[in-house]
Amino acid sequence: MKPHPEANCASCPAHNTAQLERLGVDMTEWDYAIALAGNPNTGKSTVFNALTGLRQHTGNWPGKTVTRAEGGFSFAGKRFKLIDLPGTYSLLSTSTDEEVARNFILFGQPDVTVIVADATRLERNLNLTLQILEITERAVLCLNLMDEAKRHRLQIDERTLSKDLGIPVVPASARVGIGIDELLQRIHEVASGQFVCRPHRIKYGNSALQKAVDQLAEQIAGKYPQLFNTRWMALRLIEGDARLREAVAGGEIAGLVHEQQTYAPAESGL
Amino acid sequence: MKNSAKQNELLDLADQLRWELGDTIHDSLMQTVYEDASRIAGRAVTLPAEKPRLQWDKFLDRLLTSRWTGFPVMFLILMSVFWLTITGANIPSGWIADLLVDTLHPWLKTASLSIGFPWWLSGFLFDGMYLAAAWVISVMLPPMAIFFPLFTILEDFGYLPRVAFNLDALFRKSGAHGKQALTMAMGYGCNAAGIIATRIIDSPRERLIAIITNNFSLCNGRWPTQILIASLFIGTLVPPALGGFVSALSVVGVALLGVALTFVTSWFLSRSVLKGTPSSFSLELPPYRPPRIWQTLYTSLVDRTLFVLWRAVVFAFPAGALIWLMANFQISGISLAEYLIQWFNPFGLLIGLNGVILLAYVIAIPANEIVVPTILMLTVLSAKMTGMGAGAGVMFELDDMQAYQQVFQAGGWTLMTALNLMLFSLVHNPCSTTIYTIFKETGSRRWTLVSTFLPVVMGFLLTFFVTQFWRLISML
Amino acid sequence: MIHPFYALLIAVFFLIGTFFVFSPGKGLLGRIQRYKRIQDHICREDILKHLYENERQDKKSSLHSMAGALNISTERTADLIQELQHTGLIQLQNDHYILSAEGRDYALKMIRIHRLYELYLSEQTGVPEAAWHTHAEIAEHEITPEQAEAISDQLGNPRYDPHGDPIPSADGFLPPNRGLWLTDWPENEIGRIIQIEDEPVNVYNIIREKDIQLGIQIEQVRREQEYLKLIANGRKVTLPLIAAGNIRAEVLKQAAPITDPPARLRDLQSGEQGVVIALSQNLRGSERRRLMDLGVTPGTIIRNELVSAFGDPVAYNIRGAAIALRHTQANLIYVKKLGAEYEAAS
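Chains as they are written, first to last, in this note's numbering: chain A, 2 to 271; chain B, 393 to 868; chain C, 529 to 874.
(1) Using only the alpha-carbon positions, how far apart do G781(B) and P535(B) sit?
(2) Mind checking A15(A): buried by the 16 CB within 10 Å criterion, or exposed?
(3) Between the stretch 847-866 of chain C and chain B, which residues of the former have CB atoms less than 7 Å from a CB of the latter, in chain order?
(4) Heavy atom of the ligand PLP less than 7 Å from the Cβ of P440(B), yes or no?
(5) At the 8 Å Cβ level, is E253(A) part of the contact set with chain C, yes or no?
(6) So the candidates are L536(C), I618(C), G799(C); which of them puts its Cα closest to the Cα of E833(C)?
(7) If I measure Cβ to Cβ from I744(C) and keep anything under 8 Å in the same chain, skipping five residues before and after, which residues do I get?
(8) Indicate whether at least one CB of chain A lies closer than 8 Å to the CB of V432(B).
(9) I'd like to check one pair, I35(A) with D112(A): are the Cβ atoms closer than 8 Å?
(10) Check each candidate in K757(C), L598(C), E581(C) and name the one with the smallest Cα separation from G768(C).
(11) Who are the neighbours of R817(C) on chain B, taking C-beta pairs under 9 Å?
(12) Just confirm the distance between the C-beta atoms of M529(C) and L868(B), as a whole number of angstroms; I'd bet it's less than 8 Å.
(13) Over what stretch of residues does the beta strand (DSSP E) that includes E778(C) continue unbroken?
(14) What is the C-beta distance between I733(B) and L768(B), in whole angstroms, given that I count them as a contact (C-beta under 8 Å)?
(15) Grab the span of the beta strand (DSSP E) containing R751(C) for me, first residue to last.
(16) Say whether chain B places a C-beta atom closer than 8 Å to the C-beta of D215(A).
(17) For G241(A) and chain B, any beta-carbon pair shorter than 8 Å?
(18) I'd like to check one pair, F709(B) with M521(B): are the Cβ atoms closer than 8 Å?
(19) Counting only C-beta atoms, is W411(B) closer than 8 Å to chain E at any point?
(20) Which one or two residues does DSSP pair with S727(B) in a beta bridge?
(21) Kindly give me the distance between the Cβ atoms of L37(A) and V117(A), rounded to whole angstroms, as I take these residues to be in contact under 8 Å.
(22) What distance in whole Å lies between the Cβ atoms of L146(A) and G78(A), which are believed to be in contact at a cut-off of 8 Å?
(23) Could you tell me the boundaries of the alpha helix (DSSP H) in which N582(C) lies?
(24) For V804(C) and S420(B), I'd like the C-alpha separation in whole angstroms.
(25) Give the single residue among L750(B), F540(B), V493(B), A441(B) whose Cα lies nearest to the Cα of V473(B).
(26) Mind listing which residues of the stretch 542-566 of chain B have their C-beta closer than 7 Å to chain C's C-betas, in chain order?
(27) Determine which residues of the stretch 675-702 of chain C have a Cβ less than 7 Å from any Cβ of chain A, and write them out in chain order.
(28) Mind checking which residues open and close the alpha helix (DSSP H) that includes K224(A)?
(29) Can you give me the Cβ contacts of S727(B) inside the same chain, cut-off strictly under 6 Å, excluding the 5 residues immediately before and after it?
(30) Is the Cβ-Cβ distance between R154(A) and R847(C) less than 8 Å?
(31) Taking F533(C) and L853(B) to be in contact with their CB atoms under 8 Å, please state how far apart those CB atoms are, rounded to whole angstroms.
(32) Is G86(A) buried or exposed, if buried means 16 or more other CB atoms sit within 10 Å of its CB?
(33) Would you check if the distance between the CB atom of S664(B) and the CB atom of T653(C) is smaller than 8 Å?
(34) Figure out for me which residue from A140(A), F49(A), V48(A) has the closest Cα to the Cα of V197(A).
(35) Please confirm whether G558(C) has its beta-carbon closer than 8 Å to some beta-carbon of chain A.
(36) Can you look up T546(C) in the DSSP assignment and give me helix, strand or coil?
In structure tokens form, the structure reads like this:
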């Protein structure tokens with residue numbers, strides 16, 4: 002890996018440049034890679050446009066965005082590359098969209114994953130949020146469509162939500178530009194390590210499943226002590242996830258460590 | 393694949409655990425995730441003491457999807473969109489033609505000759521390439537600038553999923569996927585975009601059906617042809633006051649025939665080469681959201697109108713050049729274009745078209761937008777008309793309807809020719825961009841060939857039967 | 529110009545001719561394809577499968593049993609057997625033929641492909657259930673081991689086929705059957721159906737007619753002469769013993785008896801609500817996962833929100849969003865009705 006001029010400072014987290022390049026993201030001119038995930042039809046494209054100033058077409062039907070969009074913005078002197086992932090309801094099924102989103106978050110190791118959620122349908126949006134938090138530790142929840150929620154007279158206590166999820170929660174109405182500034186601020190805080198997420202972890206109810214997951218997770222942790230999402234990996238391996246099996250068989254799994262946790266600059270890996 | 397011992401241990405353990413847990417892992421996992429989600433959401437969200445009265449949304453939903461009003465409302469919306477497009481596009485079309493063709497073209501010709509261009513270079517550049525592009529802009533820009541924003545407003549509002557919701561029963565009966573309604577709607581803008589949109593369909597079988605039948609959605613390159621021919625030949629059958637309405641009605645008729653063909657072809661495919669039962673269908677009906685007019689205008693103008701127009705212009709240049717060359721390249725006193733027209737003519741007449749139209753469709757494979765200008769130019773050429781346009785191989789703009797009529801009459805056109813052209817414009821091979829997109833999306837040469845030739849064959853059959861029955865009836 | 533009447537006549541003849549050649553299944557092309565199906569290598573593979581199946585059931589395989597099973601002449605069968613013996617896949621033991629170790633491996637690989645392919649058909653294509661077996665019978669001779677592994681990966685390295693039969697692993701491991709045959713079922717136990725043999729087809733059709741599916745809860749199983757009487761998901765069913773002998777079930781430890789057949793989501797009238805009890809096992813693969821992703825899990829309250837112009841599909845309010853489902857799907861979701869006036873516990 003070539004030392005990259007922007008990643009020289011020891012304090013900023015070095016992203017997984019090689020992996021990102023393999024996933025088709027050119028990071029030569031950017032400091033942070035930000036992934037944008039969320040359910041379909043939650044205004045993800047609108048948030049993308051609001052952050053980047055681009056005007057990607059937005060339509061009111063699920064699955065509108067079929068091609069991946071990328072854009073960039075700068076904030077607080079840093080340059081952020083934003084990658085719009087396909088909108089999905091989940092990351093546990095086997096559709097191509099989910100595979101793309103899941104692989105990006107797991108193998109691309111974005112510095113921050115911004116999850117866009119529809120405030121009026123919080124419960125179903127949390128399904129995806131919780132699944133993402135099983136994979137990555139660095140996420141921000143953008144609670145979009147707050148104007149719609151007001152129209153439905155829903156009151157959402159974002160501080161409780163933030164506490165329960167262990168990540169920053171930003172209420173927003175991206176259509177009219179409300180909440181975008183705060184979202185930028187939180188993205189920066191998580192990316193730069195000023196805010197350390199303590200993400201919520203799912204407790205697998207079924208006792209047989211819990212036992213099996215624990216057993217395998219322990220084995221994985223034994224081999225790869227630096228991995229933080231061993232439980233999730235154990236679960237996926239038990240479910241027979243082909244891509245993850247390949248990563249385990251090929252040794253790729255050893256590289257899936259958040260540099261932020263070890264506070265090591267990218268060069269030290271050479 | 394490298395398999396070291398310690399890694400295999402993990403996989404082996406995972407495999408063994410999978411045998412032990414059986415087939416209910418995913419179920420219990422999803423239940424757990426949702427239970428957590430539900431608990432966390434419950435703590436954060438306070439529901440209103442009394443339910444808000446969102447009567448308007450409910451009313452709209454009932455109106456747009458109920459048994460009695462759903463389809464009539466859909467038809468009315470479609471009609472109004474086309475009526476606005478047809479009546480609204482006429483005047484600006486004339487202005488642009490005035491500017492680009494009547495004013496700028498003679499000026500360019502004179503200027504180029506005065507600075508010493510040889511006649512063939514000036515003819516090739518300005519009579520061929522420039523005029524083709526100018527024609528495409530004046531014919532396409534106004535209807536697109538009206539049609540796309542209207543369509544985008546419907547899309548942003550959340551109407552398209554309701555259409556898919558209503559049409560699903562028909563798609564199900566034809567063995568297709570419910571979301572094909574959405575990709576079909578995207579095809580009305582551009583078939584290539586519609587084919588990319590079929591990625592939302594998971595089942596490969598149903599996705600192929602959606603790809604093959606997307607061509608039956610009239611794309612923006614074909615709307616101008618439909619609109620022009622309808623106003624010339626069908627709108628003139630009734631008193632002028634009703635002209636716009638009847639033209640719009642016939643264009644909607646052709647569009648609905650396209651929908652019907654989509655169902656019939658899907659039905660046929662899913663009972664022959666793409667056998668299977670329709671897979672599951674879950675479509676979210678999003679809440680209505682008020683469209684933002686300015687943003688809609690901006691995105692539909694920039695993303696769609698200009699994008700599509702740019703493509704058309706890019707293809708118009710070489711096509712214009714080709715036409716000019718064919719018209720001016722002569723073998724023993726007869727131009728190449730005339731040879732080809734004569735060659736296509738017998739088959740053309742058999743299916744109620746003519747050699748000119750078929751040659752125009754061959755030339756227009758890169759972009760359907762240039763079909764009508766090519767037809768006009770070739771007709772003038774083959775009918776040896778004088779005083780029309782500016783001579784051999786020159787594309788031109790005609791100022792009023794009567795001038796068009798004259799050209800078509802000289803080419804031997806009847807109402808039947810016009811009807812067949814409208815049908816053939818709906819049912820023929822996709823443009824080259826679309827064919828390329830199909831190949832990229834399916835990765836299969838076989839399915840690309842099927843999607844290309846199935847509609848051509850269907851178009852030939854359709855026009856053939858219409859023509860022969862028409863002739864048979866007029867003999868009685 | 530040709531007279532329109534003759535033109536039409538010629539065209540109609542031409543179309544009929546085309547139909548005759550290309551018509552799927554019955555056309556000339558279809559016939560040629562079917563003829564290919566009785567080629568030698570296919571017959572050899574079918575012999576191996578026949579031997580494997582017979583050995584599993586402790587039956588002996590002879591020249592005549594093979595010729596009968598494959599529906600080919602004894603002369604041809606004899607030739608094929610000789611070739612198989614020559615390549616060391618089968619051996620003669622006393623008066624009957626048995627598989628060698630390699631032959632058994634070969635047969636297991638084919639069974640693996642067959643079951644994987646059935647699962648693939650059930651999960652990722654719209655091929656109807658009745659046609660799975662026929663398709664898989666053809667595919668097992670055509671799919672290479674590499675392709676089979678690719679399918680397996682794509683399906684998430686599954687363990688069981690859509691009938692609950694275990695899929696042999698790539699290295700030839702086939703686990704013992706789970707649970708018990710229904711014919712051996714203890715009367716007082718409550719259980720869940722986990723495996724239904726799809727061969728022979730006529731017996732399988734009896735089971736399908738009785739609407740017995742994987743995942744159904746069974747109780748009060750009693751044997752009466754040639755029949756087995758039981759309660760399946762709250763419904764009284766009488767099964768011929770030959771059918772019951774092809775069904776396996778596992779004991780459920782903490783299950784409550786189901787007294788009434790549960791309602792289906794499809795039964796909810798406009799505005800009515802219900803709480804999800806279970807998803808039928810006939811809802812499988814990506815279809816099942818997608819519904820669960822959308823929030824259809826046991827305990828979810830669902831309301832019939834909006835009926836489409838043709839009456840099917842219906843949009844249901846599931847965890848706050850209106851989701852359109854076709855009747856065929858809504859029929860596979862069991863619910864308990866709550867009535868229209870029930871307000872979601874807030």
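Glycine is no exception: its CB is placed at the ideal position from the N, C-alpha and C atoms.
This one's a predicted model, so the numbers in the text were calculated from it and none came from an experiment.
So, from the listed chains and residues:
(1) Caution is warranted here: a pLDDT of 45 is assigned to G781(B), below 50, making its placement in the model unreliable, and no coordinate value can be reported.
(2) A caution first: A15(A) carries a pLDDT of 47, below 50, which makes its placement in the model unreliable, though a value can still be read off. Answer is buried; the Cβ neighbour count reaches 16.
(3) A849, A850, I851, A852, L853, R854, Q857
(4) As presented, the structure is devoid of all ligands, the ligand PLP included, so that no description of it is given.
(5) no
(6) G799(C)
(7) R720, I721, A760, N761, Q809
(8) What sits at residue 432(B) in the sequence shown is Ile, not Val. With 8 Å as the cut-off, I432(B) counts as an interface residue toward chain A.
(9) yes
(10) The question names Gly, but residue 768(C) is Pro in the sequence shown. It is K757(C) whose Cα lies nearest to the Cα of P768(C).
(11) H418, M422
(12) No, M529(C) and L868(B) are not in contact; Cβ-Cβ is about 17 Å, not under 8 Å.
(13) 775-779
(14) Not really, about 14 Å apart at Cβ, beyond 8 Å.
(15) 745-752
(16) no
(17) yes
(18) yes
(19) Absent from the structure is chain E; the protein chains it does hold are A, B and C.
(20) Q722(B)
(21) 7 Å
(22) Not confirmed; about 31 Å, so no contact.
(23) 568-584
(24) 14 Å
(25) F540(B)
(26) F557, N558, D560, A561, R564
(27) D681, Q682, G684, N685, P686
(28) 208-224
(29) A719
(30) no
(31) Not confirmed; about 17 Å, so no contact.
(32) With the sequence shown as reference, residue 86(A) is identified as Leu, and Gly is not the correct amino acid for it. Label assigned to L86(A): buried.
(33) no
(34) A140(A)
(35) no
(36) helix
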